[in-house]
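Note that the protein sequences, when read in sequence, are chains A and B.
Sequential numbering of the first sequence, starting at 202, is according to this note's numbering.
Sequential numbering of the second sequence, starting at 202, is according to this note's numbering.
We treat Cβ as the ideally placed atom computed from N, Cα and C, and that holds for glycine.
Report on the structure given below.
2 protein chains.
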Amino acid sequence: MFRGVTHINLDAKGRIALPSRYRERLSGICDGHLVVTVDRDHCLLVYPLPEWEHIEQKLVRLPSLNRSARRLQRLLIGHATECQLDGSGRILLPPPLRDFAGLVKHTVLIGQGNKFELWDEAVWSQRRDEWLVEAADSDELPGDLESLSL
Amino acid sequence: MFRGVTHINLDAKGRIALPSRYRERLSGICDGHLVVTVDRDHCLLVYPLPEWEHIEQKLVRLPSLNRSARRLQRLLIGHATECQLDGSGRILLPPPLRDFAGLVKHTVLIGQGNKFELWDEAVWSQRRDEWLVEAADSDELPGDLESLSL
DNA sequence: CTCTAAGTGGGGAAAAGTGGCAAGAAATGG
DNA sequence: CCATTTCTTGCCACTTTTCCCCACTTAGAG
Chain A
202 MFRGVTHINL DAKGRIALPS RYRERLSGIC DGHLVVTVDR DHCLLVYPLP
252 EWEHIEQKLV RLPSLNRSAR RLQRLLIGHA TECQLDGSGR ILLPPPLRDF
302 AGLVKHTVLI GQGNKFELWD EAVWSQRRDE WLVEAADSDE LPGDLESLSL
Chain B
202 MFRGVTHINL DAKGRIALPS RYRERLSGIC DGHLVVTVDR DHCLLVYPLP
252 EWEHIEQKLV RLPSLNRSAR RLQRLLIGHA TECQLDGSGR ILLPPPLRDF
302 AGLVKHTVLI GQGNKFELWD EAVWSQRRDE WLVEAADSDE LPGDLESLSL
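Below you can see the structure in the form of structure tokens.
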């Protein structure tokens, strides 16, 4: 399970160095093979390759003529790019993905269980503040969430 | 599985150079024989020949008297054009297909599992942004998608 | 305070992408 | 039927990007 927030700087070539505490596990799980794709909230998702392949299988089995299915396939598989950790534990983010998430220099990497999320730092803190406000306002939660005990 | 976005420029003769990371696999699967056809969303579909033949078989078996079936056959089989990778890993797109998808110079190649999609870059990013908004709005997804966990 | 390890930046070699040129084939007109 | 022109296709060279390696800086631990 990946957890926690880490501030990372993109270098001039668009590379990010993953925090060292994850590196050993990533070498073990996927030999440094990662897949980066997009998320609806204009951030990037980073999966270990085997984890991603599992999701991809579910996606490709969806019916091709269904509009929502096509949309999801195009967004997720369409943007999924395989990246390899280099000798210094860094990955190079392809320009299209960098542009999509508006990443310039200051970014944050968020551990999210089986994957990471990568945000522009300013966007992240702004969105987080919005969520806090929204969450405080709305007490009505959908089904399963009602019974959730933290 | 093909995945990921790549920006490619059409040259003055209407050729596109496929990204090198796919070339070896394409040589293996289909010896450089590709089939290009159209999609309902005004982009082009690029299949390795064996993969296309498989799809074509399914299409010709559809009931000929069904209007939507005829329509699909005319669109897909009717526009399917065989293209061969040249020595530099490029394919020449026939002018009718280029026109159909409105390809001028800046294009994007999208990996979609067993095939590629080829879009005009401007059209692609516009459509993608629309999908992101729609996807955020519509939570009603067909069966399997509901339970999809990314 | 020092030593170590991680994060960051940069330089250089190699490879990929892109545009142009030229030779060959096809088509058209004389 | 031959000659000229146009279009096509393969090849080559230049430019840009990518990848690998090394060095410097900063933070943290001993």
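Exercise for the section: Enumerate in chain order the residues of its own chain whose CB-to-CB distance from MET202 (chain B) is below 6 Å, with the five nearest sequence positions on each side excluded. Expected result: GLY314
Practice task
Let me know if PRO251 (chain A) comes out buried or exposed under the rule of 16 or more other beta-carbons within 10 Å of its beta-carbon.
Solution key: exposed
Exercise for the section: Sort B:VAL247, B:GLU331, B:ASP242 and B:HIS243 by Cα distance to LEU227 (chain B) and report the nearest one. Expected result: B:VAL247
Exercise for the section: Give me whichever residues DSSP pairs with GLY279 (chain A) in a beta bridge. Expected result: Answer is none; GLY279 (chain A) lacks a bridge partner.
Practice task
Return the residue from the list B:TRP332, B:ASP300, B:LEU293 and B:ARG204 that minimises the CA-CA distance to GLU257 (chain A).
Solution key: B:ARG204
Exercise for the section: Report all residues from its chain with a CB closer than 6 Å to the CB of ASP240 (chain B); omit the five preceding and five following residues, and keep chain order. Expected result: LEU246
Problem - Exposure of GLY233 (chain A), with buried meaning 16 or more beta-carbon neighbours within 10 Å - result: buried
Practice task
Compile a chain-ordered list of the residues in the region 299 to 312 of chain B whose CB is closer than 8 Å to at least one CB of chain A.
Solution key: VAL309, ILE311 and GLY312
Practice task
Go through the region 233 to 282 of chain B residue by residue and report every complete run of the alpha helix (DSSP H) that reaches 4 residues or more, in order.
Solution key: 250 to 261 and 268 to 280
Exercise for the section: Just the C-alpha distance for GLU283 (chain A) and LEU266 (chain B), rounded to the nearest angstrom, thanks. Expected result: 44 Å
Problem - Contact the region 268 to 283 of chain B vs the region 326 to 333 of chain B: 3+ CB pairs below 8 Å - result: no
Handout entry: Cβ neighbour criterion (16 or more within 10 Å) applied to PRO295 (chain A)
Key = buried
Handout entry: Host alpha helix (DSSP H) of ALA323 (chain A) (start-end)
Key = 322 to 338
Practice task
With DSSP as the reference, label GLY290 (chain B) as helix, strand or coil.
Solution key: coil
Exercise for the section: Check whether the Cβ atoms of ALA302 (chain B) and LEU319 (chain B) lie closer than 8 Å to each other. Expected result: yes
Problem - Exposure of LYS316 (chain B), with buried meaning 16 or more beta-carbon neighbours within 10 Å - result: buried
Practice task
Return the chain-ordered list of same chain residues with a C-beta closer than 6 Å to the C-beta of THR238 (chain A), the five sequence neighbours on each side being excluded.
Solution key: LEU246, LEU277, HIS280 and ALA281
Practice task
Using alpha carbons as the reference points, say which of A:ARG224, A:HIS307 and A:VAL324 lies closest to GLY288 (chain A).
Solution key: A:ARG224
Handout entry: CA nearest to the CA of LYS306 (chain B), picked from B:ILE230, B:ASP321 and B:LEU293
Key = B:ASP321
Practice task
With DSSP collapsed to three states, give me the class of ARG224 (chain A).
Solution key: helix
Handout entry: Contact list for LEU293 (chain B) against chain A, beta-carbon separation under 8 Å
Key = Under the 8 Å cutoff, chain A gives no residues; its nearest Cβ is about 24 Å from LEU293 (chain B).
Exercise for the section: Return helix, strand or coil for ALA218 (chain A), following the three-state DSSP convention. Expected result: strand
Exercise for the section: Please check if any C-beta of chain A sits within less than 8 Å of the C-beta of GLU252 (chain B). Expected result: no
Handout entry: Sub-8 Å separation of SER221 (chain B) and GLY312 (chain B) beta-carbons
Key = no
Handout entry: Residues near PRO249 (chain A) by beta carbon distance below 7 Å, same chain, minus five either side
Key = LEU227, ILE230, CYS231 and LEU235
Handout entry: Where VAL206 (chain B) falls, given that 16 or more other Cβ within 10 Å makes a residue buried
Key = buried
Problem - Alpha-carbon to alpha-carbon, SER326 (chain A) and ILE209 (chain A) - result: 14 Å
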